[in-house]
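Enquirer: If you read the protein sequences in the order shown, they are chains B and F.
Every letter in the first sequence is one number past the one before it in my numbering, and letter 178, counting from 1, is 178.
If you want my numbering, it's the position in the second sequence, counting the first as 1, plus 260.
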Amino acid sequence: MNTFSSSASTAFSLITSLDPTLAGIVLRSLAVSACACAIACSSGLLLGAWLGVSRFRGRGAVLAVLNTALALPSVVVGLVVYLLLSRTGPLGFLGWLFSFKAMVLAQAVLVLPVVTALVRQTIEDADRSHGEQFQSLGARRFMRSLILLWDERYALLTVLIAAFGRAISEVGAVMVVGGNIDGFTRVMTTSIALETSKGDLPLALALGILLLGVVLLLNMLIALVRRWREQLDDRLPDVAPVPASVLAAQSAQGVQGAQP
Amino acid sequence: MKPLFNLHAVGVQFGKFRALTACTLRVEAGERLALVGSNGSGKSTLLRTLHGLVRPQSGGFWHDAQARQAMLFQRPYMLRASVLNNVALGLWLNGLPWKQARDQALQALGRVGLADLAGRNAKALSGGQQQRVALARAWALRPQVLLLDEPTASLDPTAKREVERLMAEFADGGMTLIFSSHNLGQVKRLASRVIYLEHGRLVADLPTPDFFNGPLPAAAEHFLKGELA
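1) I'd like to know whether the C-beta of Asn-346/F is nearer than 7 angstroms to at least one C-beta of chain B.
2) Could one say the Cβ of Asp-151/B lies closer than 7 angstroms to chain F's Cβ atoms, at least one of them?
3) Report the rounded CA-to-CA distance for Asp-432/F versus Trp-322/F, giving the unit in angstroms.
4) Please list the partners that Ala-155/B has in chain F, where partner means a Cβ-to-Cβ separation under 9 angstroms.
5) Contact between the segment 360-368 of chain F and the segment 396-403 of chain F: three or more CB pairs below 8 angstroms?
6) Using 10 angstroms around the beta-carbon of Gly-178/B, count the other beta-carbons present and answer buried if the total reaches 16, otherwise exposed.
7) Does Gly-60/B have its Cβ less than 7 angstroms from a Cβ in chain F?
8) Which value, in whole angstroms, describes the spacing of the CA atoms of Gln-121/B and Ala-163/B?
9) Classify Glu-458/F as helix, strand or coil using the three-state DSSP reduction.
10) Near Val-104/B, what residues of its chain come up, given a Cβ to Cβ distance below 6 angstroms and the 5 sequence neighbours on each side ignored?
11) Just checking: is the beta-carbon of Met-261/F within a distance shorter than 7 angstroms of some beta-carbon in chain B?
12) Note down, in chain order, every chain B residue with its Cβ under 9 angstroms from the Cβ of His-323/F.
13) Would you grab the beta carbon distance between Ser-99/B and Thr-185/B for me? Rounded to a whole angstrom, and I think it's under 8 angstroms.
14) Got a sec, what are the start and stop residues for the beta strand (DSSP E) Leu-237/F sits in?
15) Identify every residue that forms a DSSP beta bridge with Leu-202/F.
16) Looking only at its own chain, which residues have a Cβ that is under 6 angstroms from the Cβ of Gly-78/B, when we skip the five neighbours before and after it?
17) Can you tell me whether Phe-134/B is buried or exposed? The criterion is at least 16 other CB atoms within 10 Å of its CB, across all chains shown.
18) Helix, strand or coil for Ile-438/F? Go by DSSP, reduced to three states.
19) Cβ closer than 7 angstroms: which chain F residues qualify as neighbours of Ala-139/B?
20) Just to check my reading of the structure: Gly-310/F and Ser-440/F have Cβ atoms closer than 8 angstroms, yes? What is that Cβ distance to the nearest angstrom?
21) By the criterion of Cβ-Cβ separation under 7 angstroms, what are the contact partners of Phe-333/F in chain B?
22) Just to confirm, is the Cβ distance from Leu-267/F to Leu-285/F under 7 angstroms?
23) Does any residue of chain F have a CB that is nearer than 7 angstroms to the CB of Ser-145/B?
24) At 3 residues or longer, and completely inside the segment 333-419 of chain F: list those beta strand (DSSP E) runs for me, N to C.
25) If you draw a straight line from the alpha carbon of Glu-291/F to that of Gly-373/F, how long is it in whole angstroms?
26) Under 7 angstroms between C-beta atoms, does Ser-136/B make it to chain F?
27) How about Leu-450/F and Met-427/F: do their beta carbons lie closer than 7 angstroms?
28) Below 8 angstroms, how does it come out for the segment 58-76 of chain B and the segment 144-158 of chain B: are there three or more Cβ pairs, yes or no?
29) Mark Thr-3/B as exposed unless 16 or more other C-beta atoms lie within 10 angstroms of its C-beta, in which case mark it buried.
30) Is there at least one Cβ from chain B nearer than 7 angstroms to Gly-387/F's Cβ?
31) Of all the options Pro-202/B, Val-225/B, Arg-226/B and Ser-169/B, which has the alpha carbon lying nearest to the alpha carbon of Ala-11/B?
32) Can you round the beta-carbon distance between Arg-453/F and Leu-293/F to whole angstroms, since I take them to be within the 8 angstroms contact cut?
33) Measuring only the C-alpha atoms, how far is Gly-415/F from Gly-387/F?
34) If distances are taken between C-alpha atoms only, which option among Leu-156/B, Asp-182/B, Leu-51/B and Ala-193/B comes closest to Glu-170/B?
35) Could you check whether the Cβ of Gly-290/F sits closer than 7 angstroms to any Cβ belonging to chain B?
36) How long is the line joining the alpha carbons of Pro-263/F and Leu-437/F, rounded to whole angstroms?
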């Protein structure tokens, strides 16, 4: 209990003292995970939406692989990205190993299956429920996936939160490809691991509390944005302006002439 | 005269379930065709087949590719967007530039008496209003054939009357109507021809007066008595 209370007070004092090293670590964590999520989401949203509406031979196998990738251990991802980026690896020429970019790449690889799988499920459910109606309006498969993606945008915010949560909380991949270099590739999770190994448990726990706080803050922010947007969408103006030409056309049409 | 649809012994199967069996049917332009039958009789499948949403596994299916079609579903889906944009979407998907699509959508909304709700969130409308928005969305496409799957089911009597009135007006304007319904009063009022389906089979195909007054196959007779009782 003492450890927890001293951790809480350490966390509080770390925040209130605005320690520049800590601020750097927090900002770096946020930047790495945000970049990784942006990359993973830009492709994962489209890929997931397409998988949600498409039907092709071998789709079941693709989905099985995708769902398996949800359980990818982050150290394995770190190892694979390490091998790709190492000097003798196929991407070694980039010189990204032990850099910010390497951490972004590793987290993006880790998060991509999460985004793709969750989006796929959401869009597939929506397509089963009412995709036929858009098909009836003339939307082909890919267009249907885009329409459904847009229509499910609020539900998909939860996917973004899940993806960001997965990215910011992982330690294995960034540790392997980033190297936990002080002031350069050290992020919150690798700091926690380091402080724990040094035996400074209160500081490690304080960083953990801080990490949770950051994620909580982001969740609240997204929830607020979501509520604000929903309220904006649901706002019901009493009367929308109707051009006089339209009203004139209506009265000219009368009850007859339904078929143009 | 060239028919709009010509089906010969069409069969549709979903897995092991036979939704339609040996359906033979010819639909001419300007007809008001009602599909009746109990739940699971194949009405919706027949409508979806005619609309091209379901591909028959057997038999011959021919339709006039020049004749534009639109379909109205029992529970029309509204996008999380304004009423106007919901209607404009169909037009845009059919190749109209977005601005022009919105202009025409407004006209279509005027046609169903909902122009004043153009700026509202479509999801927030009542069931009857949503059905009228869906009618506007279908009408905006200038279809020659309008297929309607139980368009007034789950609507209150006022909304039902309003949708029926619009259907009658569209048909009076020359549009071919093909609709499924459990409401025999509605069938009597709107249809010129009635098809009775049972277990995916087309059991009776008669002009409306003959369907309600004339001798019917036993199954259809039984259904009619049950529905009218």
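In this text, a Cβ means the ideal position worked out from N, Cα and C, and glycines have one as well.
Just so it is clear, the structure is predicted and the values come from calculations on it, not from any experiment.
Expert: Considering the structure as presented:
1) no
2) yes
3) 26 angstroms
4) What Ala-155/B touches in chain F: nothing, since even the nearest Cβ is about 10 angstroms away.
5) yes
6) buried
7) no
8) 15 angstroms
9) strand
10) Val-32, Cys-35 and Ala-36
11) no
12) Those do not exist, as His-323/F stays about 15 angstroms from chain B at its closest Cβ, beyond 9 angstroms.
13) 7 angstroms
14) This structure gives no information on residue 237/F, because the portion of chain F shown stretches from 261 to 489.
15) There is simply no residue 202/F to check, as chain F begins at 261 and stops at 489 in what is shown.
16) Ala-106, Gly-172, Ala-173, Val-176 and Val-177
17) buried
18) strand
19) Leu-353
20) Residue 310/F is actually Leu in this sequence, not Gly. Not a contact, Cβ separation roughly 11 angstroms.
21) Gln-133
22) yes
23) no
24) 405-409
25) 25 angstroms
26) yes
27) yes
28) no
29) exposed
30) no
31) Pro-202/B
32) 5 angstroms
33) The residue asked about is misnamed: residue 415/F is Leu in this sequence, not Gly. C-alpha separation (whole angstroms): 6 angstroms.
34) Ala-193/B
35) no
36) 14 angstroms
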